[in-house]
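What follows is a set of notes on a single structure, which appears directly below.
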Amino acid sequence: MIDYQAFINHISQTRLSSWVEPLESQLKQLWPSLNDGNLPRLLAEIDQLPDLKAENIALNDVIDIRGSAGNQINILNQCLENLKPWRKGPFNFFDTYVDSEWRCDLKWQRVCPYISNLTGRHVLDVGSGNGYYGWRMKAAGAATVAGIDPSWLSVVQHLAVNHYIKDPTHCVLPFTLESLTPNLEIFDTVFSMGVLYHRRSPLEHLFELRGALRPGGELVLETIVIEGDAGESLVPIGRYARMNNVWFLPTAATLAQWLEKMGFENIRIADQCVTTDAEQRATTWKPGQSLNDYLDPTDQSKTIEGHPAPIRAILIAEKPINQRLKRYHL
Ligand SMILES: C[S@@+](CC[C@H](N)C(=O)[O-])C[C@H]1O[C@@H](n2cnc3c(N)ncnc32)[C@H](O)[C@@H]1O
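2 is the number of the first residue of the sequence shown in my numbering; add one for each residue after it.
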């Protein structure tokens with residue numbers, strides 16, 4: 002069991018207080034039904050983490066926790082090793098630099114210029130991973146960051162980071178978006194980055210994201226797209242870049258149409274960018290295969306299966322203040 006009481010106490014003092022009851026009830030139901038053999042091992046690592054004082058915390062490109070680990074450094078390093086693979090980061094724990102597979106700072110640099118100022122905003126980060134982006138959101142002034150991610154490794158990695166940062170306003174909850182209380186309508190900004198292509202029903206995903214937003218709130222959507230015109234999308238048969246859980250890869254223009262269909266307005270295609278090994282690569286903290294093994298070695302514009310190589314698009318959209326769109330019955 003993970004103790005989310007500090008986060009619940011925080012939101013109970015805010016406009017998110019209507020979420021307290023459903024959240025408490027969801028967590029209460031979750032713990033007895035858990036059947037993940039790996040979780041006790043992961044949580045044992047958090048119990049082993051040494052109690053070190055973070056003397057200086059900088060939430061910049063590197064989530065940097067500084068201080069002296071003294072003779073506890075080996076215990077700290079062993080816990081961090083046991084929480085591998087670190088896909089998202091980078092982090093620095095005292096003197097240990099966790100060079101994650103993804104340079105998430107590069108995506109944040111692409112997203113940042115286009116989003117509304119996060120100062121004072123309550124944010125939902127869907128598919129938050131270990132909360133790397135949530136720290137960048139906090140540094141940008143967010144009042145609350147609720148990450149949700151069904152990966153226990155991500156949830157526990159966040160616990161390891163917050164063991165030292167000790168911020169009750171940022172959590173990673175072990176939920177999918179589909180299992181979150183529907184139509185909360187409380188968040189000022191909702192991020193969904195790297196999740197839509199994993200959903201069999203992408204329109205349903207957009208609908209659920211819209212339900213979490215307050216009227217007038219902002220959606221930040223990032224996903225893999227293909228080149229092409231409005232109306233086109235790829236449903237890769239078999240694997241895509243070795244992933245067996247990729248469903249819809251629209252063009253950016255198609256995605257904008259989907260957003261309109263699902264009742265968003267002021268839709269903007271902010272950025273499109275080919276993923277390179279400057280951003281995704283194997284490291285000692287995530288050994289094994291990475292982007293270069295997923296692409297055709299003779300033609301980097303194709304995946305190993307012959308599909309178009311990943312391009313990642315960022316779209317920004319708003320939930321209308323007057324949100325009833327009768328023509329779509331949403
Ligand atoms: C490709 S990673 C993206 C992580 C991060 N948002 C980023 O942009 O780097 C996708 C994440 O979404 C999570 N995820 C998958 N399905 C989800 C769902 N239905 N609801 C919420 N998160 C989901 C996965 O566990 C994984 O951590």
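All C-beta atoms in this analysis are idealised placements derived from N, C-alpha and C, irrespective of residue type, glycine included.
Is it buried or exposed for Ala161, if we count other Cβ within 10 angstroms and need 16 for buried?
Your numbering for residue 161 matches position 160 in the sequence shown. Under this definition Ala161 is a buried residue.
At the level of alpha carbons, what is the spacing between Pro41 and Asp48?
To locate residue 41, count along the sequence shown from 1; it is residue 40. To locate residue 48, count along the sequence shown from 1; it is residue 47. Pro41 and Asp48: Cα-Cα distance of roughly 10 Å.
According to DSSP, is Asp62 helix, strand or coil?
Here the question's residue 62 lines up with position 61 in the sequence shown. Reduced to three states, the DSSP call for Asp62 is coil.
Quick check on the burial criterion: 16 or more other C-beta atoms within 10 angstroms. Buried or exposed for Ile322?
Residue numbering aside, residue 322 sits at position 321 when the sequence shown is read from its first letter. Exposed is the call here.
Spatial neighbours of Ile312 in its chain, beta-carbon cut-off 8 Å, leaving aside the 5 residues before and after:
Numbered from 1 along the sequence shown, position 311 holds the residue referred to as residue 312. Ile225, Val226, Ile227, Glu228, Gln273, Cys274, Val275, Thr276, listed in sequence order.
State the DSSP-derived secondary structure class of Leu107, mapped to helix, strand or coil.
The residue labelled residue 107 in the question sits at position 106 within the sequence shown. Of the three classes helix, strand and coil, the one that applies to Leu107 here is helix, per DSSP.
With 16 other Cβ atoms within 10 Å as the buried cut-off, status of Met2
Here residue 2 corresponds to residue number 1 of the sequence shown, with the count starting at 1. Exposed: under 16 other Cβ atoms inside 10 Å.
DSSP beta-bridge partners of Ile187
What you label residue 187 is simply residue 186 of the sequence shown in a count that begins at 1. Answer by DSSP bridge pairing: none, since Ile187 is not bridged.
Run through the DSSP bridge pairs and tell me what Thr224 is partnered with.
For the purposes of this step, residue 224 is identified with residue 223 of the sequence shown, where counting begins at 1. According to DSSP, which records beta bridges pairwise, Thr224 is partnered with Ala314.
Any 3 or more C-beta pairs closer than 8 Å across the stretch 257-265 and the stretch 71-88
Per the Cβ contact rule, the stretch 257-265 is not in contact with the stretch 71-88 (fewer than 3 Cβ pairs under 8 Å).
In terms of DSSP beta bridges, what is Asp37 paired with?
Here residue 37 refers to the residue found at position 36 when the sequence shown is read from its first residue. Looking at the DSSP assignment, Asp37 forms no beta bridge with any residue, so it has no partner.
Do Ile58 and Phe94 have their C-beta atoms closer together than 8 Å?
Here residue 58 refers to the residue found at position 57 of the sequence shown. Here residue 94 refers to the residue found at position 93 of the sequence shown. No; because the gap between Cβ atoms is not below 8 Å, this pair is not in contact.
Which word fits Cys113, buried or exposed, when buried means at least 16 other C-beta atoms lie within 10 angstroms of its C-beta?
Locating residue 113 in the sequence shown gives position 112, where the first residue counts as 1. Burial call: exposed.
Below 6 Å CB to CB, which residues in the same chain sit around Asn267 once its five sequence neighbours on both sides are set aside?
Numbered from 1 along the sequence shown, position 266 holds the residue referred to as residue 267. Around Asn267: Glu319.
Contiguous beta strand (DSSP E) assignments of at least 3 residues, all confined to the stretch 89-133
The qualifying runs are 92-94, 97-99, 123-127.
May I have a chain-ordered list of the beta strand (DSSP E) segments no shorter than 3 residues that lie completely inside the stretch 232-300?
266-275, all fully within the stretch 232-300.
One or two residues paired with Thr145 in a DSSP bridge:
Locating residue 145 in the sequence shown gives position 144, counting from the first residue. The partner list for Thr145 (beta bridge, DSSP) reads His123.
Rounded to a whole number of angstroms, what is the C-alpha to C-alpha distance between Ile270 and Ala253?
Position 269 of the sequence shown, counted from the first residue, corresponds to residue 270. Position 252 of the sequence shown, counted from the first residue, corresponds to residue 253. Using only the alpha carbons, I get a separation of about 7 Å.
Do the stretch 276-294 and the stretch 88-105 touch if we need at least three Cβ pairs shorter than 8 Å?
By the Cβ criterion, the stretch 276-294 is in contact with the stretch 88-105, since at least three pairs of Cβ atoms, one from each stretch, lie closer than 8 Å.
Which term fits Glu219, buried or exposed, when burial requires 16 or more other beta carbons within 10 angstroms of its beta carbon?
Indexing the sequence shown from 1 puts residue 219 at position 218. Classification for Glu219: buried.
For a test of your reading of the model: does the CB of Glu228 fall under 7 Å from any non-hydrogen atom of ligand 1? Yes or no.
By one-based count along the sequence shown, residue 228 stands at place 227. Checking every heavy atom of ligand 1 against the Cβ of Glu228, none is found closer than 7 Å.
Compare the beta carbon distance of Val196 and Val127 with 8 Å and say whether it is the shorter of the two.
In the sequence shown, residue 196 corresponds to position 195, counting from 1. In the sequence shown, residue 127 corresponds to position 126, counting from 1. For Val196 and Val127, yes; Cβs fall inside 8 Å.
Return the first residue and the last residue of the beta strand (DSSP E) that His171 is part of.
Indexing the sequence shown from 1 puts residue 171 at position 170. Here the beta strand (DSSP E) through His171 covers 171-174.
Could you tell me the alpha carbon to alpha carbon distance between Leu181 and Pro23, rounded to whole angstroms?
In the sequence shown, residue 181 corresponds to position 180, counting from 1. In the sequence shown, residue 23 corresponds to position 22, counting from 1. Approximately 9 Å, taken between the alpha carbons.
CA nearest to the CA of Leu174, picked from Arg200, Ser234, Gly212, Gly135
On the sequence shown, position 173 is the one that residue 174 refers to. Checking every option, the nearest Cα to that of Leu174 belongs to Gly135.
Is Gly130 near ligand 1, in the sense that its beta carbon is under 7 Å from a heavy atom of that ligand?
Counting from one through the sequence shown, the residue named residue 130 turns up at place 129. Flag set: Cβ of Gly130 near ligand 1.
Any heavy atom of ligand 1 inside 7 Å of the beta-carbon of Lys89?
Reading the sequence shown from its first residue, position 88 is the one you call residue 89. In terms of side-chain proximity, the C-beta atom of Lys89 is found nearer than 7 Å to a non-hydrogen atom of ligand 1.
Nearest-angstrom Cα distance between Trp153 and Pro298?
Position 152 of the sequence shown holds residue 153. Position 297 of the sequence shown holds residue 298. Answer to the nearest angstrom: the Cα atoms are 33 Å apart.
Taking just the CA atoms, how far does Tyr165 sit from Lys54?
The sequence position of residue 54 within the sequence shown is 53, counting from 1. The sequence position of residue 165 within the sequence shown is 164, counting from 1. Those two C-alpha atoms are separated by around 7 Å.
Are Ser234 and Pro251 close, meaning C-beta to C-beta below 8 Å?
Your numbering for residue 234 matches position 233 in the sequence shown. Your numbering for residue 251 matches position 250 in the sequence shown. In contact: Ser234 and Pro251 (Cβ atoms closer than 8 Å).
Work out the CA separation of Leu125 and Ala191 for me, nearest whole Å.
Here residue 191 refers to the residue found at position 190 when the sequence shown is read from its first residue. Here residue 125 refers to the residue found at position 124 when the sequence shown is read from its first residue. With the sequence shown as reference, residue 191 is identified as Val, and Ala is not the correct amino acid for it. Val191 and Leu125 have their alpha carbons spaced roughly 5 Å apart.
Taking all protein chains shown into account, do 16 or more other C-beta atoms lie within 10 angstroms of the C-beta of Ser69, making it buried, or fewer, making it exposed?
Locating residue 69 in the sequence shown gives position 68, where the first residue counts as 1. With fewer than 16 Cβ atoms within 10 Å of its Cβ, Ser69 is classed as exposed.
Cβ-heavy atom distance between Asp150 and ligand 3 below 7 Å?
Ligand 3 is not part of this structure, which contains only ligand 1.
Is Val221 near ligand 1, with its Cβ less than 7 Å from a heavy atom?
Counted from its first residue, the sequence shown places residue 221 at position 220. Not so, every heavy atom of ligand 1 lies at least 7 Å from the Cβ.
By how many angstroms is the C-alpha of His206 removed from the C-alpha of Met194?
Mapped onto the sequence shown, residue 194 falls at position 193. Mapped onto the sequence shown, residue 206 falls at position 205. Using only the alpha carbons, I get a separation of about 12 Å.
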